[in-house]
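**Student:**
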Amino acid sequence: MCIGFFDSGIGGLSVLKEALRLMPNENYIYYGDTDNAPYGIKTKEEVKALTFSAVEFLVRLNIKALVVACNTATSAAVRDLRQKYDFPVIGMEPAIKPAVEKNNGAEKRVLTLATPLTLKEEKFRDLISRFDPGHIVDMLPAPKLVEFAERFIFSGPEVEAYLREILPSDIEKYGTLVLGCTHFPLFKEVLAKIAPGVDIIDGNEGTVRHLHEVLKSENKLESPDQKGKVTFYKSGVLVDDPSLLENYWKILA
Ligand code: DGL
Numbered sequence: 001m002c003i004g005f006f007d008s009g010i011g012g013l014s015v016l017k018e019a020l021r022l023m024p025n026e027n028y029i030y031y032g033d034t035d036n037a038p039y040g041i042k043t044k045e046e047v048k049a050l051t052f053s054a055v056e057f058l059v060r061l062n063i064k065a066l067v068v069a070c071n072t073a074t075s076a077a078v079r080d081l082r083q084k085y086d087f088p089v090i091g092m093e094p095a096i097k098p099a100v101e102k103n104n105g106a107e108k109r110v111l112t113l114a115t116p117l118t119l120k121e122e123k124f125r126d127l128i129s130r131f132d133p134g135h136i137v138d139m140l141p142a143p144k145l146v147e148f149a150e151r152f153i154f155s156g157p158e159v160e161a162y163l164r165e166i167l168p169s170d171i172e173k174y175g176t177l178v179l180g181c182t183h184f185p186l187f188k189e190v191l192a193k194i195a196p197g198v199d200i201i202d203g204n205e206g207t208v209r210h211l212h213e214v215l216k217s218e219n220k221l222e223s224p225d226q227k228g229k230v231t232f233y234k235s236g237v238l239v240d241d242p243s244l245l246e247n248y249w250k251i252l253a
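Heads up: the sequence shown is residues 1 to 253, going by my numbering.
(1) According to DSSP, C2 sits in a beta bridge with which residue or residues?
(2) For ligand 1, is there any heavy atom lying closer than 7 angstroms to the beta carbon of V146?
(3) What are the boundary residues of the beta strand (DSSP E) that includes F232?
(4) Give me the Cα-Cα distance between A49 and D170, rounded to the nearest whole angstrom.
(5) Is the CB-CB distance between C2 and I29 below 8 angstroms?
(6) So, do the region 141 to 149 and the region 109 to 116 have three or more beta carbon pairs nearer to each other than 8 angstroms?
(7) If you measure between the beta carbons of T118 and G180, is that distance less than 8 angstroms?
(8) Can you tell me whether G206 is helix, strand or coil according to DSSP?
(9) Shorter than 7 angstroms, the distance from the beta carbon of S8 to the closest heavy atom of ligand 1, or not?
(10) Since T176 and V198 are thought to touch, with beta carbons under 8 angstroms apart, how far apart are those beta carbons, to the nearest angstrom?
(11) What is the DSSP secondary structure of D7, counted as helix, strand or coil?
(12) Where do the N-terminal and C-terminal ends of the alpha helix (DSSP H) with T74 fall, by residue?
(13) Does the distance between the C-beta of G4 and the nearest non-hydrogen atom of ligand 1 fall short of 7 angstroms?
(14) Quick one: measure Cβ to Cβ for L66 and L252, integer angstroms, because I've assumed they're closer than 8 angstroms.
(15) Is M92 near ligand 1, in the sense that its beta carbon is under 7 angstroms from a heavy atom of that ligand?
(16) Kindly indicate the opening and closing residues of the alpha helix (DSSP H) around T43.
(17) So, is D35 buried or exposed, given that buried needs 16 or more other C-beta atoms within 10 angstroms?
(18) Taking a contact to mean a Cβ-Cβ separation below 8 angstroms, would you say V237 touches L245 in this structure?
(19) Grouping DSSP H, G and I as helix and E and B as strand, with all else coil, what is Y162?
(20) What would DSSP say about R21, mapped onto helix, strand or coil?
(21) Write down every uninterrupted run of the alpha helix (DSSP H) in the region 99 to 135 whose length is 4 residues or greater and which is fully enclosed by it, in chain order.
(22) Under the criterion of a Cβ to heavy atom distance below 7 angstroms, does A37 qualify as lining ligand 1?
Take a look at the structure:
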């Protein structure tokens, strides 16, 4: 059986990349809802409805677990998904806890980049109130990065100009940038250039480790000697366009 990966578009590929590294023997179905991206500027209700309809599609393909490889969809729908389905549903969570632990006492602040909806949602507010007692975390919505990524633009003058415009000019006061959107790790190189010396972290590896633990505890891991495969769907349509597949695999490489 397959593991379903879901994102509003291509951002979840940054999570799938980790999964392929840790569990190359599993079979994956990747569903990017490209026709409806971006999600981060929609309402919670809209994102929930889109997420449910994508997940129902994946369920018909018979999945043994679901990774909601999208922080925005996780904030809007993970609780309800877990209530409806009995397979494991793994969501994303911005890596606030490790970032605060690292910077506490170092007199540096933490900057979280995510979509407007993620930053507005209760789930994120809860995370902050649990793990940021000293109020060292700042928030920055960066919705345009999602649009660049969906056009497969991950660097260059347009991206740099946007980042220079939105990032605080006193970036050196930050010890860590937390990438709270799965599209954003695709911009790690340009972010490192614009924010030199600032640590950049995402929750991708932690999410995949958690997926592995859950599958292991439920005895659902595939045999270690089989070679897994990945099938891609774009808003319900099987992706077979070679140039699009080539773009996907470049991200996964
Ligand atoms: N990749 C998504 C996330 O992790 C959402 C991006 C979007 O569609 O706005 O938040």
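Virtual Cβ for every residue (Gly too), placed ideally from N, Cα, C.
**Tutor:** If we stick to the structure as given:
(1) N27, I63
(2) yes
(3) 230 to 234
(4) 39 angstroms
(5) yes
(6) yes
(7) yes
(8) helix
(9) yes
(10) 7 angstroms
(11) strand
(12) 71 to 84
(13) no
(14) Actually they do not touch by this definition, with Cβ atoms about 19 angstroms apart.
(15) yes
(16) No alpha helix (DSSP H) contains T43, which DSSP labels as neither H nor E.
(17) exposed
(18) no
(19) helix
(20) helix
(21) 116 to 120, 122 to 131
(22) yes
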